[in-house]
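Heads up, the sequence shown is in the UniProt record's numbering, so the first residue is 369 and it goes up one at a time. One structure below.
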Amino acid sequence: HAKHNNGGGVCVFTAALETAVRADRAIELALQGSTLEDELDIVLQPIVELDSGRMSAVEVLVRWNSPVLGDVSATEFIAVAERSTAIHSITRAVIRKGLQAALQLPDMVAISFNISACDLTSATTLAFIRREIERTGINPSRIWLEVTETAVMANAEVAAEALQAFRDIGVRVALDDFGTGYSSLGYVQRLPLDKVKIDRSFVTAIDQPGGDTIARAIITFCHTIGLRCVAEGVETARQRSMLVEAGCKHAQGYLFSRPLAVEDLLSLHAQWEQHPWRVDSPQRGAA
Ligand code: C2E
Ligand code: MG
Ligand code: MG
Ligand code: MG
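What follows is the structure, encoded as structure tokens:
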């Protein structure tokens, strides 16, 4: 009986693996055949200054509606795109669209882009961003680049230099999904960073009894070494109040707003300028 189960398990595993490989191959082909600039879209999620309830920044998130595959999740197609030069086209399209949106927001509002490990160490990406800053006339300090902890750790020495090269042209850099990789705190302390984003998993954990330990430790660590921190994935009022109490100044998540199309984000911004976000505010068009 056990033997039978065992064999079945192997079969299922192989089938699942095969399906995954085929899906990746389909994404790869669709990426090759696509006019990315037209098929890609962006959505913007507010980053809230917790004290004031105002929008201090927006994170740009890519969306892909492929004529062949339909909507493909960002995590899925970014991972495939990173294996070819497609990632650079995606990054450029997203940055162009994001800066266009940023120009419609006040100078006070920063714009945060996710970049891949290969973008980070690419001289072409650096040159592209420098040209975009000149072309648009945007204040470079409004631009934040988010790199995941895992991407940075893949090649720590090179990453540190690359982060500094971006800071040298005036942009800010943030470590995304902090706490999910395997970097030592000593190493993070030596990286040239402006902020750290606390991974959603530690924010979610706050609602469990005693689950706030890691979020608190990260906030304290960041402040001790002079880094700002942003909490991501805040979904409940309780998570928010614990973060405020622990001294975290900035957060984003469904509690405040889902990622929105540019037009909707602009009207939400106008709304919040009149009535900053408050925990007891009635739900406004942000759902
Ligand atoms: P990330 O940078 O950590 O982005 C946060 C993800 O969490 C986004 O998913 C966002 O929609 C989602 N999120 C925000 N608030 C909440 C919340 O309260 N609850 C929950 N459950 N989720 C929330 P999304 O848009 O699917 O993006 C997934 C990942 O794909 C991003 O994680 C980022 O690593 C990557 N990504 C997205 N856009 C780009 C891009 O333009 N370039 C690159 N290289 N990567 C991107
Ligand atoms: Mg991010
Ligand atoms: Mg993140
Ligand atoms: Mg995350």
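From the three backbone atoms N, C-alpha and C, an ideal C-beta is built for every residue, glycine too.
Reduced DSSP secondary structure (H/G/I, E/B, other) of residue i
{"i": "Thr-382", "result": "helix"}
{"i": "Gln-532", "result": "helix"}
{"i": "Thr-516", "result": "strand"}
{"i": "Arg-626", "result": "coil"}
{"i": "Gln-413", "result": "strand"}
{"i": "Glu-500", "result": "helix"}
Burial state of residue i (16 or more Cβ within 10 Å)
{"i": "Glu-514", "result": "buried"}
{"i": "residue 665", "result": "Missing from the structure shown is residue 665; the chain here goes from 369 to 655 and no further."}
{"i": "Asn-433", "result": "exposed"}
{"i": "Val-556", "result": "buried"}
{"i": "His-643", "result": "exposed"}
{"i": "Ile-593", "result": "exposed"}
{"i": "Glu-517", "result": "buried"}
Residue nearest to residue i in terms of C-alpha spacing, selected from the options
{"i": "Leu-412", "options": "Ala-491, Ile-479, Leu-543, Val-612", "result": "Ile-479"}
{"i": "Tyr-622", "options": "Pro-414, Ala-394, Ala-485", "result": "Pro-414"}
{"i": "His-618", "options": "Arg-431, His-591, Thr-403, His-643", "result": "His-591"}
{"i": "Leu-494", "options": "Leu-634, Arg-431, Glu-529", "result": "Glu-529"}
{"i": "Arg-431", "options": "Leu-553, Ala-583, Ser-551, Ala-629", "result": "Ala-629"}
{"i": "Arg-510", "options": "Gly-538, Ser-490, Glu-386", "result": "Gly-538"}
{"i": "Ile-582", "options": "Arg-606, Gly-505, Ala-614", "result": "Ala-614"}
Euclidean distance between Cα positions of residue i and residue j
{"i": "Arg-535", "j": "Ser-424", "result": "20 Å"}
{"i": "His-369", "j": "Ser-569", "result": "Below a pLDDT of 50, predicted positions are generally treated as unreliable, and His-369, at 44, falls in that range; the measurement from the model is reported next regardless. So the alpha carbons of these two residues sit roughly 39 Å apart."}
{"i": "Ile-395", "j": "Val-448", "result": "7 Å"}
{"i": "Pro-435", "j": "Leu-399", "result": "11 Å"}
{"i": "Ala-522", "j": "Asp-648", "result": "43 Å"}
{"i": "Trp-640", "j": "Leu-633", "result": "10 Å"}
{"i": "Phe-496", "j": "Pro-560", "result": "21 Å"}
Inter-stretch contact (C-beta, 8 Å, three-pair minimum) for the region 465-475 and the region 438-446: no
Touching by the beta-carbon criterion (3+ pairs, under 8 Å), the region 598-614 and the region 563-579: yes
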